[in-house]
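Report on one structure; see the data block that follows.
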Amino acid sequence: MVTVVFMLEWVQQGEMMGWRRGLMVVEIVVGGGGEIVVRRGGDSYWVFADVMRQVVISDGENQEKEVKNAKQALEILEGELKGNKFFGGENVGFVDIVFGSFISVCLDVMEEVGCVTVFDSQKFPSLAKWNKDFLEIPTIKETLPEREHMVRYFSRSRRFNLAMVAKKKRGKLLDV
Numbered sequence: 001m002v003t004v005v006f007m008l009e010w011v012q013q014g015e016m017m018g019w020r021r022g023l024m025v026v027e028i029v030v031g032g033g034g035e036i037v038v039r040r041g042g043d044s045y046w047v048f049a050d051v052m053r054q055v056v057i058s059d060g061e062n063q064e065k066e067v068k069n070a071k072q073a074l075e076i077l078e079g080e081l082k083g084n085k086f087f088g089g090e091n092v093g094f095v096d097i098v099f100g101s102f103i104s105v106c107l108d109v110m111e112e113v114g115c116v117t118v119f120d121s122q123k124f125p126s127l128a129k130w131n132k133d134f135l136e137i138p139t140i141k142e143t144l145p146e147r148e149h150m151v152r153y154f155s156r157s158r159r160f161n162l163a164m165v166a167k168k169k170r171g172k173l174l175d176v
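Following this line, the structure appears as structure tokens:
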């Protein structure tokens, strides 16, 4: 197991106090099985990008398990919004950029390539609204990657990984 600890300086707008600064310790733990957990204040958060990567590069029962993991990660993110427009409140912050670049840009493509549905706007209404608000930001709109490039990239990644798994299974069958 590998553990990396980051000290992130963050800025949060106080309710009536103006701007205040603080430090947040974020611990990223990579387990022996490749799972990644981010701990903040004693709570655990799955890193959503890694969970979705597993959805795309797996199939069958493994993929079903990873879809459940991805939905659990979305449930955590849904709860983190706590009725705010963005994760940090009314203004876009670091967390919005990190998750926005993935959820708003990659998630739909990864669902298409993996032939699965993970995100349901009825089940995750706060995330759906957050996603809409995030994509309406002019700078974000202007910098979105082309969808077709992403489809090709994730399709190649899926084919490669599934081929490697099949090759490994064939090798095990021949060794018996």
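Residue numbers for the sequence shown follow UniProt numbering, beginning at 1 and rising by one.
By construction, the Cβ of each residue, glycine as well, lies at the ideal position given by its N, Cα and C atoms.
Quick caveat: nothing in here was measured; it's all calculated off a predicted structure.
query	result
What number of angstroms, rounded off, separates the C-alpha of ALA163 from the C-alpha of ARG170?	10 Å
In the DSSP assignment, find the alpha helix (DSSP H) that holds SER126 and state where it starts and stops.	125-135
Leaving aside the five residues before and after PHE86 along the sequence, list all residues of the same chain whose C-beta is less than 6 Å from its C-beta, in chain order.	VAL92 and ASP96
Using DSSP with H/G/I as helix, E/B as strand and the rest coil, what is GLY89?	strand
For GLU64, name the three-state secondary structure that DSSP assigns.	helix
Kindly indicate which residue of SER121, ILE140 and LEU77 has the alpha-carbon position closest to the one of VAL105.	ILE140
Determine the DSSP secondary structure at ASP59, reduced to helix, strand or coil.	coil
Please report the distance separating the alpha-carbon of MET52 from that of LYS168.	22 Å
Who are the Cβ neighbours of VAL116 in its own chain at under 7 Å, not counting the five residues just before and after it?	VAL55, GLN63 and VAL67
Please report how far the alpha carbon of MET150 lies from the alpha carbon of VAL109, in whole angstroms.	7 Å
Using a Cβ-Cβ cutoff of less than 8 Å, which residues in the same chain neighbour LEU81 once the five nearest sequence positions on both sides are dropped?	PHE87, SER126, LEU127 and TRP130
Pull up the CB-CB distance for ARG158 and ILE76, whole angstroms please, since I reckon it's below 8 Å.	Not quite, the Cβ-Cβ distance comes to about 25 Å (not below 8 Å), so this is no contact.
Taking the straight line between their C-alpha atoms, what separation do you get for SER121 and VAL165?	33 Å
Just how far apart, CA to CA, sit LYS123 and GLU142?	29 Å
Work out the CA separation of ASN84 and GLU90 for me, nearest whole Å.	6 Å
Measure the C-alpha to C-alpha separation of LYS71 and PHE102 and round it to an integer number of angstroms.	15 Å
Look at the alpha carbon of ARG156 and the alpha carbon of GLU146, and state the distance between them as a whole number of angstroms.	16 Å
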